[in-house]
Every structure is written in C-alpha cells, then in structure tokens.
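Trainee: Numbered according to this note's numbering, the sequence shown spans residues 3 to 379. Okay, handing you the structure first.
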Amino acid sequence: MIAFYIHFPFCLQKCRYCSFNSMPVPENNILVTRYLQAMEREIALYASRYPNESLSSIYLGGGTPTVLPAESLCRILFCCREKFAFSPGIEITVEANPGTVTQEMLQLLREAGVNRLSLGVQSFQPVELQLLGRSHSVTDIYTAFDAARKAGFDNINLDLIYALPGQSLESWRENLRSAIQLNPEHLSIYGLSLEEDTPLAVELKKGKLEACSEELHLTMWEETSSMVKEAGFIRYEISNYAKPGKLCRHNITYWENKPYLGVGAGAHGYYDHVRYGNEEEIQKYIEMVEKGEFPRAFEEHQTQKEEMIDTIIMGLRLTKGISRLDFTMRFGCSFESLYEKELKKMVEDGLMGISDDAVFLTERGRILSNYVLSCFV
3 MIAFYIHFPF CLQKCRYCSF NSMPVPENNI LVTRYLQAME REIALYASRY
53 PNESLSSIYL GGGTPTVLPA ESLCRILFCC REKFAFSPGI EITVEANPGT
103 VTQEMLQLLR EAGVNRLSLG VQSFQPVELQ LLGRSHSVTD IYTAFDAARK
153 AGFDNINLDL IYALPGQSLE SWRENLRSAI QLNPEHLSIY GLSLEEDTPL
203 AVELKKGKLE ACSEELHLTM WEETSSMVKE AGFIRYEISN YAKPGKLCRH
253 NITYWENKPY LGVGAGAHGY YDHVRYGNEE EIQKYIEMVE KGEFPRAFEE
303 HQTQKEEMID TIIMGLRLTK GISRLDFTMR FGCSFESLYE KELKKMVEDG
353 LMGISDDAVF LTERGRILSN YVLSCFV
C-alpha cells in the first residue's frame, strides 16, 4: 500500500510566509483545465508502472485545492479510484482555506469519499491574519467549521502557527482556547519558520518586525502542550495532536519513512529507494506529462545509510519513537548497535528513552529535538 499526495498549486493569494510551490489562481481557465488533465495523465502513468499497488491515503494539498470547484477535486479523486484499488478505510484529506468553502461544496466532497478536512486557520486574531497575509477572516473560520460539521465531517484538523513577530503569550493562549472550543479532532501546531525571500523574512531581516524570542517561543510550546493535553488531545508527533483514533495516517506515512507518490507540479515522492521532485513550473510540468513523461525535476537514489538517517530523523518526531524490531528488520542491524555511543549519551542527558519496543524522545528531548536529531546525521 502507498500514500498519494496530490498538489494543487493555486490559491487566492500568496501568504507572506509561504515558500511552497503556489500561485494565485489564474483567470485563464484553460491553464487550470490543462493542469487537471495533466494530473490525470500522471496518475495513469503511475497506475501503469505500479499496477498492483493500492492506496492507503490520499492527500489533496497546495496551494489551496478548494479555490477550484468541488467538481474539479472530485474529478481527480474519481481518476484515482478508477486507476487504483482503494484499501479498506482509506483516509482522504482535503486542505482548505476557511474563506473558500461552502456547505454545498463540502457535501460534494464528502459524497466523493473525502473523510478528513484540514482547515488552514493559522490564527483567530485579525491582526495576526493580516500579518501572515491570510485571505480569510475570523468569521470565515467559524462559518467553515460549522459548514463542515453540517456536511458530515467528523474528522477536522485545524492548522495553527505560533511564535509570530509581535505575538504575545496571551494572544497565543487565546488562539489555543478558540481552537479547542471548536472541538476539532486534530490540531497541527507549528512555530513560525521562514524561508529566505518570503515577505515576512525580508521584513524581519530589515528590522521592520521583531522576531519572537527563543524564551517566549519555548513558553508558547510549553503552554501548547499543557492546554491541548488538558483538552483531551494526544500528542503523537512533535507538532501534531489528535483525539483518540484520529491520528493523520497520511502524515504518519512520511514520519515512518514509508513509500508515497507525489502528483502535480512541485510534488515530491519516495518509492523503491528513490526520492524525487516534480517540475515546479506549471507549463513545463504540463508539457512533460503531455509527452507521456514522468515530470521529474530530480531523482535521488538513496543509499541504505541515507534511508537509515531519514528513518531516524523522521521517526523520532513521533511520540512512540522508532520501533526497534522494524528498524532491525528494515536495515539488518539494530538501532542501539549502530548508535550505541550517541544513544547512551542521550539517555544519560534525559533527552531520549529506550524500551523493549522502541527508542524515543523524552519531553525534554522534544524541546531540544533539533539538537538531538543532528547527532544522528
């Protein structure tokens, strides 16, 4: 079984922190139509290459998939169903900007098999939404969430970002309270991380904005852990929290370093020891697929050592850690024999733990995860 990531690069406007492959939805509908056709062809190419695979999850991301009509998204899902077998209980997620969905649209998506919705909320504060360059309002968040419930969604994720320039601890607490009050099944909560040349990064570099201090960042992290735990969420990954039974299976595929295929301009995939990225430029992507080619911008054949490092770096993000048995079966040697010295030091420093089943980060290790993970590279 494999996971499918399908990339829709269109959005209402580029957010001020965004470095993903995205662009405002073009007025030229011909480009969008050709792009959808190209994605269908790419899906067919994968079906021809891997005829015996079934899909365990599908994730429609972006960009903002829901800037397109529901019929366009349903068309791509129909293509997936036509070309691949779906595993029982397949998880199908659609990302959405709160200002781009209606109850009617969401009902159509539910009828097409979408059973998980991820709303890009980011903040409940108007001034923070403006700082981030988000196109939705606070009212849109509540309207979208209510519409999703009425459409039958019982698995909703809210994305939130903290450690914004100028953000106070109380403002962040209020965001958490607002999110928890909605009672979603899942929360993805990330500290702001900026790539060079994004508008927010440029303003910070010029001194027009003041970055969140490390001390405040840590306090916000600790406050997050406390508040969401009290609300009944389980942290199952460094930045992800879920109600029991509502873990995101698609993302767990990434963290367990298992195979997935990426479809669309700029999408990435990992299959049969090869990591790849598709051509980001939409026109070039379309032209390559129209020629019957896989639209690769690059392919990297992974050595066993590289796969091992990726498995460790991603697997330690999970609260449950890395299965010692799975690691040994996959690589032919045990984690503790390969990293005896590093593991001993991490355990002594209280950053990692080891049980009969797994090696894992402690709470202190999660706080210092960048340091811990760097020791295994």
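Backbone N, C-alpha and C fix where the C-beta goes; we use that ideal spot for every residue, glycine too.
Please state whether DSSP places N99 in a helix, a strand or coil.
Mentor: Here N99 sits in coil by DSSP.
Trainee: What's the call for V123, buried or exposed, on a 16-neighbour Cβ count within 10 Å?
Mentor: V123 is buried by the Cβ-count criterion.
Trainee: Look up F126 in the DSSP assignment and say whether it is helix, strand or coil.
Mentor: F126: coil per DSSP, three-state reduction.
Trainee: Using the beta-carbon count (16 or more within 10 Å), is R136 buried or exposed?
Mentor: R136 is buried by the Cβ-count criterion.
Trainee: Just to confirm, are I324 and L318 a CB contact at a threshold of 9 Å?
Mentor: Yes. Within cutoff.
Trainee: Whose C-alpha, out of G271, I314 and K343, is nearest the C-alpha of N372?
Mentor: Looking at the Cα atoms, I314 is the closest of the given residues.
Trainee: By the DSSP assignment, the beta strand (DSSP E) with G239 in it spans what residues?
Mentor: The question names Gly, yet the displayed sequence has Glu at residue 239. It spans I236 to E239 - the beta strand (DSSP E) in which E239 sits, taken as one unbroken run.
Trainee: When you compare the CB positions of G65 and F12, do they come within less than 9 Å of one another, or not?
Mentor: Yes, the Cβ-Cβ distance between G65 and F12 is below 9 Å.
Trainee: Indicate the three-state DSSP secondary structure (helix, strand or coil) for A165 in the structure shown.
Mentor: In this structure, A165 counts as coil in the three-state DSSP scheme.
Trainee: If distances are taken between C-alpha atoms only, which option among L131, A46, Y287 and A150 comes closest to Q169?
Mentor: It is L131 whose Cα lies nearest to the Cα of Q169.
Trainee: What is the DSSP secondary structure of P71, reduced to helix, strand or coil?
Mentor: In the structure shown, P71 sits in coil (DSSP, three-state: anything other than H, G, I, E or B).
Trainee: Mind checking whether L206 and P167 have CB atoms under 9 Å apart?
Mentor: Yes, Cβ-Cβ distance for L206 and P167 is below 9 Å.
Trainee: If we require 4 or more residues per run, which alpha helix (DSSP H) segments fall completely within the stretch 262-335?
Mentor: Here the runs fully enclosed are 284-292, 306-317 and 326-333.
Trainee: Measure the beta-carbon distance from G355 to F362 and round it to whole angstroms, keeping in mind my assumption that it falls under 8 Å.
Mentor: Contact flag correct, Cβ pair sits at about 5 Å.
Trainee: Does the separation of the CB atoms of M229 and I158 fall below 9 Å?
Mentor: No.
Trainee: Return the residue from the list F235, Q127, A46 and W174 that minimises the CA-CA distance to M222.
Mentor: Among F235, Q127, A46 and W174, the Cα nearest to that of M222 is on W174.
Trainee: Among the candidates E197, R332 and R43, whose CA atom is the shortest distance from the CA of K260?
Mentor: Of E197, R332 and R43, the residue nearest in Cα terms is R332.
Trainee: Look up F147 in the DSSP assignment and say whether it is helix, strand or coil.
Mentor: Residue state, collapsed to three classes: helix.
Trainee: Could you check what DSSP says for P246 in three-state terms: helix, strand or coil?
Mentor: Residue state, collapsed to three classes: coil.
Trainee: Tell me the rounded alpha-carbon separation between L38 and I78.
Mentor: Their Cα atoms are separated by approximately 7 Å.
Trainee: Would you say the stretch 189-207 touches the stretch 136-154, given that touching needs at least three Cβ pairs under 8 Å?
Mentor: No, because fewer than three Cβ pairs between the stretch 189-207 and the stretch 136-154 fall closer than 8 Å, the two stretches do not touch.
Trainee: Would you say S56 and I94 are within 9 Å of each other, going by their C-beta atoms?
Mentor: No. Outside cutoff.
Trainee: On the DSSP bridge list, what partners appear for A87?
Mentor: Its beta-bridge partners are S56.
Trainee: Are the beta-carbon atoms of E382 and A269 separated by less than 9 Å?
Mentor: Only positions 3 to 379 of the chain appear in this structure, which leaves residue 382 out of reach.
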